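Single-structure report; data block below.
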Amino acid sequence: VVDPLEMIADIGADALRVALVSGNAPGVDQRLTPSKLTGGRNFTNKLWNAARFVLGAQPVTGAADDRAAEPTLAVRWIRSRIAAATETATRQLDTLDLAGYAATVYELAWSDYCDWFLEMAKVDLRREDATDADRAATWTAAATELTNLLRLLHPLMPFVTEEIWSAMREVVPDATVGEELLVRAAWPRPAARDPEAERAFDDLAALVRGVRNLRTEAAIEAAAWVPLVVDPVDERSAMALANVEPYLRTLARARPIDHHADGPRPELVTASPLGAAWLGVDASAVAAVAERRAGQLAELERNIERVRELLANESFVGRAPAAVVERERARLADLERERAQLVSGA
Numbered sequence: 002v003v004d005p006l007e008m009i010a011d012i013g014a015d016a017l018r019v020a021l022v023s024g025n026a027p028g029v030d031q032r033l034t035p036s037k038l039t040g041g042r043n044f045t046n047k048l049w050n051a052a053r054f055v056l057g058a059q060p061v062t063g064a065a066d067d068r069a070a071e072p073t074l075a076v077r078w079i080r081s082r083i084a085a086a087t088e089t090a091t092r093q094l095d096t097l098d099l100a101g102y103a104a105t106v107y108e109l110a111w112s113d114y115c116d117w118f119l120e121m122a123k124v125d126l127r128r129e130d131a132t133d134a135d136r137a138a139t140w141t142a143a144a145t146e147l148t149n150l151l152r153l154l155h156p157l158m159p160f161v162t163e164e165i166w167s168a169m170r171e172v173v174p175d176a177t178v179g180e181e182l183l184v185r186a187a188w189p190r191p192a193a194r195d196p197e198a199e200r201a202f203d204d205l206a207a208l209v210r211g212v213r214n215l216r217t218e219a220a221i222e223a224a225a226w227v228p229l230v231v232d233p234v235d236e237r238s239a240m241a242l243a244n245v246e247p248y249l250r251t252l253a254r255a256r257p258i259d260h261h262a263d264g265p266r267p268e269l270v271t272a273s274p275l276g277a278a279w280l281g282v283d284a285s286a287v288a289a290v291a292e293r294r295a296g297q298l299a300e301l302e303r304n305i306e307r308v309r310e311l312l313a314n315e316s317f318v319g320r321a322p323a324a325v326v327e328r329e330r331a332r333l334a335d336l337e338r339e340r341a342q343l344v345s346g347a
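Now the structure itself:
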């Protein structure tokens, strides 16, 4: 058994709560594995580091006012995502769906706010053409939405959210007015969604993921910048691509980005709602990818043939435990699925 007091001393009470609640469906015995405990600790650290970034990124000059530009795509999107998550989390808590609630706020905090929004907000904060008022507006939105996120997370992890709330009260008093303690603060109310911002973000995210996959295929280092070619689907896509190019450049580590596709397309191409895209890497890199794929395919073929021969051996099938035979059949299915993916992607 796991001694909760030892775990609290090791990873903290909030991390243990996250591990216990996440994936804990009613009527199902939960296995409290080391990976779940580590996941709870990592999630707590992720939130803490996000708060440290927001607090440390406050502009020294400038103030958000009516002269600032319209909210950026990053700000519009995270507001819409928090509105959607608030509605979902409220319904899940009302029906005592604790595991569903934990999954909702976990995804909102880790993926939406930390992995996507903050990275996009960094782009807006560092843009050369942004005014002091623009930067202040972006930071204020990041801080305000963080306070809303803390409200949603508080039932799951009360201690770290309360600590962050106390720090946020000093820098964004308008978002925490009259609420000295988070435990006594009002639960957020669902706001209006922004379908246009969500569609624009989904298109951008699909392109970013595709480019990242191409980088992996071409064995390009994560920190390296690479040229990118994007062939827009139509005029609307071309305009949308121009609007999100600063985000694309940073999130995909791609520069320069060419919107005019001249000449034949290479073998490594990714599709997205904004258009097809490929890396402007040299021929040797593409050849290396093809060679690596051929080697992976050959190794898969050898393993598939070996498992097939084993399953075709009547002596093995008749004498081996049923669980062992079933495991080999499952392994064969996995190998064949991997081969199909390689062949279709070649």
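Counting in the numbering used here, the sequence shown runs from 2 upward without gaps. Even glycine gets a Cβ: it sits at the ideal position worked out from N, Cα and C. Values in this document were obtained by computation on a predicted structure and should not be read as measured data.
Could you compute how far the alpha carbon of residue i sits from the alpha carbon of residue j?
i	j	result
A52	A313	58 Å
W49	D15	12 Å
R82	T73	14 Å
V231	A75	22 Å
L311	R320	12 Å
E337	N43	35 Å
R332	S316	19 Å
A284	A100	With a pLDDT of 46 at A284, under the threshold of 50, the modelled position of this residue cannot be trusted; read the value that follows with caution. Computed Cα separation, rounded: 49 Å.
V318	V29	34 Å
A142	D259	32 Å
A1	A299	The question about residue 1 has no answer here: the residues shown for the chain are numbered 2 through 347.
E327	L301	19 Å
T177	R170	6 Å
A334	R185	54 Å
R303	V325	20 Å
A239	A278	13 Å
T145	V161	17 Å
R307	R330	12 Å
I134	W140	It is worth fixing the name first, because residue 134 is Ala in this sequence and not Ile. So the alpha carbons of these two residues sit roughly 10 Å apart.
T91	A323	46 Å
P174	I79	20 Å
V3	H261	60 Å
A122	F54	11 Å
I305	V212	31 Å
R216	W188	42 Å
M8	P35	11 Å
R127	R237	27 Å
L269	D130	34 Å
E339	P159	43 Å
E108	E71	27 Å
A347	G296	Confidence at A347 is low in this model, with a pLDDT of 45, below 50, so the placement of that residue should be treated as unreliable; the coordinate-derived value is given next. For A347 and G296, the distance between alpha carbons rounds to 12 Å.
A225	T96	48 Å
A255	D125	17 Å
A341	Q31	35 Å
E276	L21	According to the sequence as given, residue 276 is Gly; it is not Glu. In a straight line, the C-alpha of G276 is about 43 Å away from that of L21.
Since residue i contacts residue j with CB under 8 Å, what's their CB separation in whole angstroms?
i	j	result
V172	Q59	6 Å
L17	P5	6 Å
A110	L150	6 Å
T274	A207	Here the sequence assigns Pro to residue 274, which means Thr is not the residue at that position. Yes, P274 and A207 are in contact; Cβ-Cβ is about 6 Å, under 8 Å.
L157	V106	6 Å
N1	T132	With the chain running from 2 to 347 in the structure shown, residue 1 is simply not present.
Answer yes or no: do residue i and residue j have a C-beta to C-beta separation smaller than 9 Å?
i	j	result
P257	L229	yes
S23	A103	yes
E197	R309	no
V349	L280	Since the first residue of the chain shown is 2 and the last is 347, residue 349 is not available in this structure.
H155	E164	no
T45	V19	yes
If you compare alpha carbons, which of the options is closest to residue i?
i	options	result
E246	L269, F202 and R216	F202
D113	R170, K47, G57 and E163	K47
L153	A272, L94 and M8	L94
A241	A20, F54, R200 and D98	R200
D98	R216, N25, N244 and A341	N25
T148	P159, W166 and R136	W166
D204	A225, N244 and A224	N244
Report yes or no: is there a C-beta of chain C within less than 9 Å of the C-beta of residue i?
i	result
A193	The structure shown contains no chain C; it holds only a single protein chain.
Sufficient close CB pairs (3 or more, under 8 Å) joining the segment 118 to 129 to the segment 217 to 225: no
Touching by the beta-carbon criterion (3+ pairs, under 8 Å), the segment 30 to 41 and the segment 7 to 22: yes
The segment 175 to 190 / the segment 235 to 254 touching (three or more Cβ pairs under 8 Å): no
Inter-stretch contact at 8 Å, needing at least 3 Cβ pairs: the segment 185 to 196 / the segment 85 to 93: yes
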